[in-house]
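Undergrad:
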Amino acid sequence: MTSVDGNKGVIFDLDGVLIDSGWAHKQAWFDLAAKEGLEISDEFFYDTFGMQNARIIPMLVGRDLPLDELEDLSEWKEQRYRELVSDKLTLPPGGEGLLRQLKDNAFLLAIGSSAPKANLDIIFQRLKLDNYIDACVTKEEVTRGKPAPDTFLQAAIKLSLAPRCCVVVEDSVPGIQAGKAAGMSVVALTTTRDREDLLEADIIVDGLSELKVGDFVGLLTDGLD
Numbered sequence: 458m459t460s461v462d463g464n465k466g467v468i469f470d471l472d473g474v475l476i477d478s479g480w481a482h483k484q485a486w487f488d489l490a491a492k493e494g495l496e497i498s499d500e501f502f503y504d505t506f507g508m509q510n511a512r513i514i515p516m517l518v519g520r521d522l523p524l525d526e527l528e529d530l531s532e533w534k535e536q537r538y539r540e541l542v543s544d545k546l547t548l549p550p551g552g553e554g555l556l557r558q559l560k561d562n563a564f565l566l567a568i569g570s571s572a573p574k575a576n577l578d579i580i581f582q583r584l585k586l587d588n589y590i591d592a593c594v595t596k597e598e599v600t601r602g603k604p605a606p607d608t609f610l611q612a613a614i615k616l617s618l619a620p621r622c623c624v625v626v627e628d629s630v631p632g633i634q635a636g637k638a639a640g641m642s643v644v645a646l647t648t649t650r651d652r653e654d655l656l657e658a659d660i661i662v663d664g665l666s667e668l669k670v671g672d673f674v675g676l677l678t679d680g681l682d
């Protein structure tokens with residue numbers, strides 16, 4: 458097998474991966490629907506989780522919206538999310554240990570998220586993620602959100618790495634599809650979806666505590682054979 462000595466990276470999704478926040482996003486979407494007199498279901502939430510708001514909101518409303526209305530609804534939803542999650546932010550079991558192990562083994566780390574920068578700001582402030590994370594990509598930095606590969610490709614550019622030198626960690630179907638479209642190996646977590654929904658990923662685990670540095674090295678080595 459080919460060696461992977463040298464530059465290598467891991468790009469983490471944020472919600473459902475580095476923080477347990479799916480519940481807060483779900484509540485925020487249901488609150489927005491109630492405010493607007495719209496119908497929403499659990500199935501709709503899970504099918505769209507991981508997409509950008511600009512794609513989700515027209516699907517929820519059932520029509521295209523003027524940009525100002527779209528932005529107003531999106532900001533209301535995200536503000537509601539921040540209210541819900543702000544005092545409940547913690548890294549998942551095994552999260553800090555994995556980040557430390559990866560950094561100790563010369564991995565560059567990034568976050569590639571469909572969330573707005575304001576969400577990341579509060580999370581970085583509370584969890585001190587700047588101790589580990591080398592780069593971030595948020596929704597403001599890409600035109601096409603997941604499942605398009607742009608978020609992860611931009612993260613690789615910020616890390617100065619080729620896509621084949623990066624592993625994506627995701628929990629959503631659009632996120633897995635985005636990672637694969639970017640030409641990256643993908644680790645999937647079952648934190649927000651059933652295992653059978655995540656079969657496109659290279660590795661499927663129930664949480665970050667199950668992952669070791671060797672899992673990422675193995676994925677990168679296999680990709681270079």
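Converting from the sequence shown to the working numbering requires adding 457 to each position, the first position being numbered 1.
Yeah, the Cβ is synthetic: ideal placement off N, Cα and C, and Gly gets one too.
For the candidate residues L676, V624, G519, G569, whose alpha-carbon lies nearest to that of A612?
TA: Among L676, V624, G519, G569, the Cα nearest to that of A612 is on G569.
Undergrad: If you draw a straight line from the C-alpha of Q509 to the C-alpha of R557, how long is it?
TA: Roughly 29 Å between the two C-alpha positions.
Undergrad: With distances taken between CB atoms, is the gap from S629 to G602 smaller than 9 Å?
TA: Going by C-beta atoms, S629 is not nearer than 9 Å to G602.
Undergrad: Which runs of the beta strand (DSSP E) fall wholly inside the stretch 544-574 and span at least 3 residues, in chain order?
TA: The qualifying runs are 565-569.
Undergrad: To the nearest angstrom, how far is the alpha carbon of V626 from that of S666?
TA: Straight-line Cα distance between these residues: approximately 13 Å.
Undergrad: Run through DSSP, which three-state label would F506 get?
TA: Looking at F506 - three-state DSSP - the assignment turns out to be coil, as it is neither helix nor strand.
Undergrad: In terms of residue numbering, what span does the beta strand (DSSP E) encompassing G466 cover?
TA: 466-469 is the extent of the beta strand (DSSP E) around G466.
Undergrad: I want to see whether chain D comes within less than 9 Å of F673, judged by CB atoms only; does it?
TA: Among the chains in the structure shown there is no chain D, since it carries only a single protein chain.
Undergrad: Is F609 closer than 9 Å to I468 when the C-beta atoms are compared?
TA: Yes, they are a contact pair.
Undergrad: Specify the secondary structure class of L495 as computed by DSSP and reduced to three states.
TA: Three-state result, L495: coil.
Undergrad: Alpha carbon to alpha carbon, how far is V624 from G473?
TA: Rounded to the nearest angstrom, the two C-alpha atoms are 17 Å apart.
Undergrad: Hey, A481 and Y538: beta-carbon distance below 9 Å or not?
TA: In contact: A481 and Y538 (Cβ atoms closer than 9 Å).
Undergrad: Identify which residue in E496, D488, N562 has its Cα closest to the Cα of Q536.
TA: Comparing Cα positions, the closest option is D488.
Undergrad: Nearest to D470 by alpha carbon, out of T600, L559, D529, V644?
TA: If we check each option's Cα against that of D470, V644 comes out closest.
Undergrad: Assuming V643 is part of the alpha helix (DSSP H), what are its boundary residues?
TA: Not the alpha helix (DSSP H): V643 falls in the beta strand (DSSP E), residues 642-646.
Undergrad: Rounding to the nearest angstrom, what Cα-Cα distance links S642 and A658 in this structure?
TA: Going from the Cα of S642 to the Cα of A658 covers about 8 Å.
Undergrad: Report the residue ranges of all alpha helix (DSSP H) runs contained in full by the stretch 601-640; include only those spanning at least 4 residues, in chain order.
TA: Counting only runs of 4 or more, we get 607-616, 630-638.
Undergrad: I need the straight-line Cα distance from E496 to Y503, nearest angstrom please.
TA: Each residue's alpha carbon lies about 15 Å from the other.
Undergrad: Contact check, L668 vs L548 under 8 Å by CB: the rounded distance?
TA: 13 Å between Cβ atoms; not a contact.
Undergrad: Secondary structure at V594, three-state DSSP: helix, strand or coil?
TA: It is a strand residue.
Undergrad: Could you spell out the range, first to last residue, of the alpha helix (DSSP H) harbouring V662?
TA: Not the alpha helix (DSSP H): V662 falls in the beta strand (DSSP E), residues 660-662.
Undergrad: So, at 6 Å on beta carbons, what are the nonlocal neighbours of P604 in its own chain, with the 5 sequence-adjacent residues on each side left out?
TA: Here the set comprises P631, Q634, A635.
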